[in-house]
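Peer 1:
Numbering (the numbering used here), first residue to last: 1233 to 1788.
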């Protein structure tokens, strides 16, 4: 089979104006970025006078492994299949980050014959949103140091600046740095550090804002530092929120592209789910619901991370209610959770599937806690045997949930029709009674422990001395009545990436607690999660090139 990029480059891509017309968008509703991508004006959200909105389908997964799950591929294949079933579907996805693209994880444009295109543009600079976020973040960071250099009338304690610079690249050398070296003209010397752009609070704000004015207000509320009296200093105290919003004036508009089969795909925002809230923008999802009968969206990593945050953070702020959740599982990943090494995953091993399926069991239980109907998508690989697939289907039947094969990677929309039919019938037969897991007005500790016990299956939570102090401080400033955004390894239900399947008898260790006041959530760092990844020994970038003709090679 051809590589992803070969398939994408040989695709018959329609002009984006044709794709826009399919969902009722006019030339006045869009801003073209070449022939095959455009931005959608926010006024589109005001055009629907009927009040009727499309149903919302969330695609999530089991805990990821090196074997791969293909959540984006399933999302795209499912939406393509919906059109074949006579339903006008619109996709809402996250934008890829350059860090994983050039590192090891890869992009976020799907794969095989279930891709969004133009794949090269989407995985690289796209429409410049990531650069706008990076510049906006670093404008605020520069304003903080400049304020101190120019006299520091706010009394900012340079030892307690919590807002960091960002770059959209994996670069471990920037995790801990010293700025201001070189004498008086270069400011004050202090410790600093970079995060990857997708971990920036600006990214979270973009994805949780409902308008440009809302975005500006949220950016003004960013807690950037503490003064010498220990009181908070906000971005609005530096009077830069207007300039920050100006930099984001285009980035706030969702981007429209298409799948290989011409299904409209709105791609906007890209926070990681292990260190941020892992969902595309509220604006993109709402547009998909306004413009289609079925909106198919996804949340990063497993249901214990992306889906939990989708429900408890995104749905809370966006007033959204998912009608169905699709949990993606692969036989290969279940065998990995069952103890099989990556090199042996192509061999049939029913015992390992049966052993590892407890991870799927826990994720099904997790989604049911939100009172939303569940369908399991078995993302089929060529090495899967009928006997292994039967184990998964029989297990799902015992749990009272439908399961269907998804073969979008190999067959495109045609390969997703079984899954599409099961999703459509589930939404007809079962009504979503969506509810959030906790009251955001509860104490920080109670909210953390609810997630740890209910979603991860932990026995409890241990807190570092620093975390306890931070919780007390956040409460003293009355910034504690916000949802929780857990930063945790994606590979395990616990905070230990080596504990696969469904671990028990463990506790979650909270190392740090900080408030993202502009975004509107409290970040809780567990285990050894880092907000700036590093490149692997052999980065994916080593295999990429551009030919004299302009053709890109080696990009997946």
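Idealized CB from N, CA, C, for every residue including glycine.
Note that the structure is predicted; figures quoted are calculated from it, not measured.
1. Alpha carbons only, please: which of 1754, 1732, 1671 is nearest the one belonging to residue 1706?
2. Any idea which residues DSSP pairs residue 1288 with across the strands?
3. How should residue 1488 be labelled, buried or exposed, when 16 other C-beta atoms within 10 angstroms of its C-beta is the threshold for buried?
4. Just list the residues that DSSP pairs residue 1717 with in beta bridges.
5. Which complete alpha helix (DSSP H) runs does the stretch 1527-1607 hold, if anything under 4 residues is left out?
6. By DSSP, does residue 1634 sit in helix, in strand, or in coil?
7. Would you say residue 1516 and residue 1554 are within 8 Å of each other, going by their C-beta atoms?
8. Output yes or no for whether 8 Å exceeds the beta carbon distance between residue 1526 and residue 1289.
9. Exposed or buried, which one is residue 1562 when buried takes at least 16 other CB atoms within 10 Å?
10. Would residue 1292 and residue 1641 qualify as a contact pair, given that the criterion is a beta-carbon distance under 8 Å?
11. Going by C-alpha to C-alpha distance, which of 1399, 1483, 1392, 1419 sits closest to residue 1792?
12. Just list the residues that DSSP pairs residue 1688 with in beta bridges.
13. Measuring CB to CB, does residue 1471 end up less than 8 Å from residue 1511?
14. Anyone know if the C-beta pair for residue 1343 and residue 1302 falls short of 8 Å?
15. Over what stretch of residues does the alpha helix (DSSP H) that includes residue 1179 continue unbroken?
16. Name the residue from 1593, 1383, 1311 whose alpha carbon lies nearest to the alpha carbon of residue 1632.
17. For residue 1404, which residues of its own chain have a beta-carbon under 7 Å away from its beta-carbon, when the five flanking residues on both sides are left out?
18. Cβ of residue 1325 within 7 Å of any heavy atom in the ligand ATP?
19. Can the beta-carbon of residue 1761 be found less than 8 Å from the beta-carbon of residue 1506?
20. Per DSSP, residue 1349 is paired with what?
21. Let me know the secondary structure DSSP gives residue 1396 once reduced to three states.
22. Taking the continuous beta strand (DSSP E) assigned at residue 1424, which residues delimit it?
23. Ignoring anything shorter than 3 residues or poking outside the stretch 1291-1341, list the beta strand (DSSP E) runs there in chain order.
24. Out of 1513, 1523, 1520, 1367, state which residue places its alpha-carbon closest to the alpha-carbon of residue 1473.
25. Return helix, strand or coil for residue 1742, following the three-state DSSP convention.
26. From the DSSP output, read off the bridge partner residues of residue 1476.
27. Which partner residues of residue 1427 appear in the DSSP bridge assignment?
28. With distance defined between alpha-carbon atoms, name the residue in 1248, 1718, 1261 nearest to residue 1535.
29. With a threshold of 7 Å on Cβ separation, who are the neighbours of residue 1599 within its own chain once the five nearest residues in sequence on each side are excluded?
30. From what residue to what residue does the alpha helix (DSSP H) around residue 1262 run?
31. Of all the options 1322, 1669, 1696, which has the alpha carbon lying nearest to the alpha carbon of residue 1684?
32. Using DSSP bridges, identify the partner residues of residue 1677.
33. Which residue comes first and which comes last in the beta strand (DSSP E) that contains residue 1459?
34. Nearest to residue 1711 by alpha carbon, out of 1252, 1364, 1260, 1454?
35. Please name the residue, chosen from 1747, 1644, 1654, 1597, that lies closest to residue 1491 on a Cα-to-Cα basis.
36. Short of 6 Å in beta carbon distance, which residues of its chain neighbour residue 1750, apart from the five on each side in sequence? Order them along the chain.
Peer 2: Considering the structure as presented:
1. Among 1754, 1732, 1671, the Cα nearest to that of residue 1706 belongs to 1754.
2. Here residue 1288 is bridged, per DSSP, to 1527.
3. Residue 1488 is buried by the Cβ-count criterion.
4. Answer is 1755.
5. Within the stretch 1527-1607, the complete alpha helix (DSSP H) runs of at least 4 residues are 1547-1550, 1563-1569, 1582-1588, 1590-1600.
6. In the structure shown, residue 1634 sits in a strand (DSSP, three-state: E or B).
7. Their beta carbons are not under 8 Å apart, which means residue 1516 does not touch residue 1554 by this criterion.
8. Cβ atoms of residue 1526 and residue 1289: closer than 8 Å.
9. Flag for residue 1562 reads buried.
10. No. Outside cutoff.
11. Outside the shown range of the chain (1233 to 1788) lies residue 1792, about which nothing can therefore be said.
12. DSSP output for residue 1688 lists no bridge partner at all.
13. Taking C-beta atoms as the reference points, residue 1471 and residue 1511 fail to come closer than 8 Å.
14. Against a cut-off of 8 Å, the Cβ pair of residue 1302 and residue 1343 comes out as a contact.
15. Because residue 1179 is not part of the residues shown, which for the chain are 1233 to 1788, the question remains open.
16. Nearest option by C-alpha distance: 1593.
17. Apart from sequence neighbours up to five positions away, the residues of its chain that approach residue 1404 with a beta-carbon distance below 7 Å are 1764, 1766, ordered along the chain.
18. Within the structure as shown, the ligand ATP is missing, as the structure has no ligands at all.
19. Yes, these two residues count as a Cβ contact at 8 Å.
20. Paired residues: 1490.
21. Of the three classes helix, strand and coil, the one that applies to residue 1396 here is coil, per DSSP.
22. Start and end: 1422-1424.
23. Segments of the beta strand (DSSP E) lying fully in the stretch 1291-1341: 1321-1325.
24. In this structure, 1367 is the residue among 1513, 1523, 1520, 1367 with its C-alpha nearest to the C-alpha of residue 1473.
25. Residue state, collapsed to three classes: strand.
26. DSSP lists no beta-bridge partner residue for residue 1476.
27. Note: residue 1427 is bridge-paired with 1398 in the DSSP secondary-structure output.
28. Shortest Cα-Cα distance from residue 1535 to any of 1248, 1718, 1261 involves 1718.
29. Answer for residue 1599: 1535, 1539, 1557, 1559, 1606, listed in chain order.
30. Taken as a continuous stretch (DSSP letters only), residue 1262 belongs to no alpha helix (DSSP H), being part of the beta strand (DSSP E) at 1262-1264.
31. It is 1669.
32. Paired residues: none, contrary to the question.
33. Element bounds for residue 1459: 1455-1459.
34. It is 1454 whose Cα lies nearest to the Cα of residue 1711.
35. Measuring from the Cα of residue 1491, the nearest candidate turns out to be 1644.
36. Excluding residues within five positions, the ones whose Cβ falls inside 6 Å are 1433, 1437, 1450, 1451, 1453, 1454.
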